[in-house]
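Residue numbers (my numbering): 7 to 692. Note that CB positions come from ideal geometry on N, CA and C, so glycine has one too. Notes follow once the structure below has been shown.
Here it is in structure tokens:
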């Protein structure tokens, strides 16, 4: 092993300073958790062998922790485990020493996970899996990385690391699809040029393809099926944590925060018919939640076949340690939690906002000041918990997504719902001391239709996923202008682009945290596939050659406008009352003839809505017209010494700025944004 002679293993040095493999002078501490195992063997590999050349029984045990110290072992050594214990599936025990197991605390892997049916071979078949399973690499990591100071996310940009650069001609082929590509000037300049404040990286930890994808000849493109939760996937980060740290540092140098999407709710071992790679073989009954009356039946609150028992101390501690590692080793600024409701489920199986793990995250000295964004749902009982998390948690906002789409689709009685979303969704978040930024607003995300496909497909087209179009959401609140999908009709193309600009403007005007999925700024399409997780190919990889640069520039203008105007970006609730520094109401809602009356609010077919926002000496007036016809709206007078300037029209994005008269022309299916500016009589009237 790296030139040193191993002399065995000892328990004389006691419990190691932390779980996993820890280099300590003349050797390595190794430790692993299993409550129900009888014996734990450390398997060491050398010289590219497919089978271990040495097995050492971990001699120490304290509580649930097996441990030992191997003198002479060094960083770079390859290892795995075999666990011995009862094979009693009806009681939840699935120990099988023929299965090589990956350490949950592994910091690096020598290869990606790859599904193989032999990984699911029954116990009595005694199929040895050493040649099929990645080896953990003994790794020393400096834990001195520095995140950016605490803050709110602001304009967030969701990035699939692999799909982002695979088709970019400005990135070297050897870097495409990796984290390192993100730090290349071609990509970094684009992201910074959009005005992005926070990048949210989709999952980075080593994942395995679902077994049904193997049968279909497809691959998981998104990474939401991790096997272990610390080691980065070698396909995304061949340089491991050092590579992630370099990329995070590059974003920080541009003033951009980095979040990592973490999947702590389940593992890629799936249901009882899935592969045995780590947790199942180490202690199925400890790591996974089972039905209380049937310990052999896994709870499936995730829809992925299993649910990690995060309410149990060793499992919850593993989750906390994984989060701390990313902060300390790479300097990440926070996390987005896939199926975050699972983190709030207690021993009862039900969600509680004060669940131990949720509380521990907010109290941990390393994690408490980081950004924490929840996906506030899973498929278990009471799984939809939007608005029910407590500070400091942010939450993805599917209500914003649906209400914005329905308004622009032209559904009746949606003006009031849109107004609620524009105002920050106080119905969901104005309690427990929360602020509007707690809601992460989006029109489209990685899961579902892309922004371009919302206006191009009335129904999903997931046939390429091999499930007869049964997978993915059925209710997408989408439309197609009479032509499904691709068209050369110039009028249809322009109508779609106009709608996209209106949707983008809606996102950036609204109170809350705006989030955009990478590529939506320039027209990414998935051909109507609203569940492209299985499409690790051109369908999900961004097509930079076809990028609509004008739309990207429009997106950047919106982000810049929001950043410059406190009336748009303020993280405060609207009251309709004067605020400090301004003797006018902080918000007022307008219709065609002025401030809306109660009776006008009740008009089911309302398609025109204006919102005047004020904060201190800043004022912004935004008008939303979902009708097919041009409209006019009476403007309120500007404050003394000010004028109203039309800054942006989504229907004619190239129109120059112009002073507004007392009546504002609003194009069909468009958003017009007017700001208060210093008086300048030389400007022409709009």
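Classify residue i as helix, strand or coil using the three-state DSSP reduction.
| i | result |
| --- | --- |
| residue 331 | helix |
| residue 324 | helix |
| residue 558 | helix |
| residue 110 | coil |
| residue 627 | strand |
| residue 400 | strand |
| residue 140 | coil |
| residue 467 | coil |
| residue 9 | Unreliable placement is indicated for residue 9, whose pLDDT of 47 sits below 50; the coordinate value is still reported in the next sentence. DSSP places residue 9 in coil when its eight states are reduced to three. |
| residue 21 | coil |
| residue 272 | coil |
| residue 75 | strand |
| residue 279 | coil |
| residue 607 | helix |
| residue 601 | strand |
| residue 689 | Only weak support exists for where residue 689 lies, its pLDDT of 47 falling under 50; the coordinates are left without a value. |
| residue 738 | The displayed coordinates of the chain run from 7 to 692. Any statement about residue 738 would go beyond what the structure contains. |
| residue 637 | strand |
| residue 238 | strand |
| residue 16 | strand |
| residue 318 | coil |
| residue 368 | helix |
| residue 244 | coil |
| residue 390 | strand |
| residue 56 | coil |
| residue 45 | strand |
| residue 589 | strand |
| residue 63 | strand |
| residue 224 | coil |
Do residue j and residue i have their beta-carbon atoms positioned less than 8 Å apart in this structure?
| i | j | result |
| --- | --- | --- |
| residue 409 | residue 377 | no |
| residue 17 | residue 65 | yes |
| residue 512 | residue 268 | no |
| residue 510 | residue 561 | yes |
| residue 545 | residue 532 | yes |
| residue 475 | residue 468 | yes |
| residue 384 | residue 348 | yes |
| residue 237 | residue 114 | yes |
| residue 89 | residue 110 | no |
| residue 233 | residue 284 | yes |
| residue 106 | residue 86 | yes |
| residue 366 | residue 579 | no |
| residue 243 | residue 184 | yes |
| residue 332 | residue 235 | no |
| residue 627 | residue 614 | no |
Give the DSSP bridge partners of residue i, in chain order.
| i | result |
| --- | --- |
| residue 595 | 617 |
| residue 266 | 207 and 341 |
| residue 297 | 300 |
| residue 68 | 71 |
| residue 93 | 100 |
| residue 3 | Here the chain has residues from 7 to 692 only, and residue 3 is not among them. |
| residue 30 | 33 |
| residue 377 | 340 |
| residue 545 | Partner(s): none; residue 545 has no beta bridge. |
| residue 232 | 213 |
| residue 38 | 72 |
| residue 51 | 84 |
| residue 252 | In DSSP, residue 252 forms no bridge with anything. |
| residue 352 | According to DSSP, residue 352 bridges with nothing at all. |
Quick test of your reading: residue i and residue j, contact by CB under 8 Å. State the CB separation rounded to the nearest angstrom.
| i | j | result |
| --- | --- | --- |
| residue 6 | residue 118 | Past the edges of the chain, shown from 7 to 692, lies residue 6, and the structure says nothing about it. |
| residue 315 | residue 294 | 6 Å |
| residue 229 | residue 112 | Actually they are not in contact, since the Cβ atoms of residue 229 and residue 112 sit about 17 Å apart, beyond 8 Å. |
| residue 144 | residue 29 | 7 Å |
| residue 262 | residue 577 | No, residue 262 and residue 577 are not in contact; Cβ-Cβ is about 19 Å, not under 8 Å. |
| residue 652 | residue 632 | Actually they are not in contact, since the Cβ atoms of residue 652 and residue 632 sit about 19 Å apart, beyond 8 Å. |
| residue 400 | residue 432 | At roughly 15 Å, the Cβ-Cβ gap does not stay under 8 Å, so residue 400 and residue 432 are not in contact. |
| residue 273 | residue 312 | 6 Å |
| residue 280 | residue 126 | 6 Å |
| residue 464 | residue 500 | Actually they are not in contact, since the Cβ atoms of residue 464 and residue 500 sit about 19 Å apart, beyond 8 Å. |
Exercise. Can you check the region 479 to 508 for any beta strand (DSSP E) of at least 3 residues that lies completely inside it and give the ranges in chain order?
Key: For the region 479 to 508, not one full-length beta strand (DSSP E) segment reaches 3 residues or more.
Quiz prompt | Length-filtered (3 minimum) beta strand (DSSP E) runs lying within the region 121 to 203 | solution = Runs found: 162 to 165.
Quiz prompt | Sequence ranges, beta strand (DSSP E) only - wholly within the region 641 to 685, length at least 3 | solution = With a minimum length of 3 residues, the continuous beta strand (DSSP E) runs that stay inside the region 641 to 685 are 648 to 655, 669 to 672 and 676 to 684.
Quiz item: Going along the chain, which unbroken runs of the alpha helix (DSSP H) with 4 or more residues stay wholly within the region 427 to 452?
Solution: Listed in chain order, they are 432 to 435.
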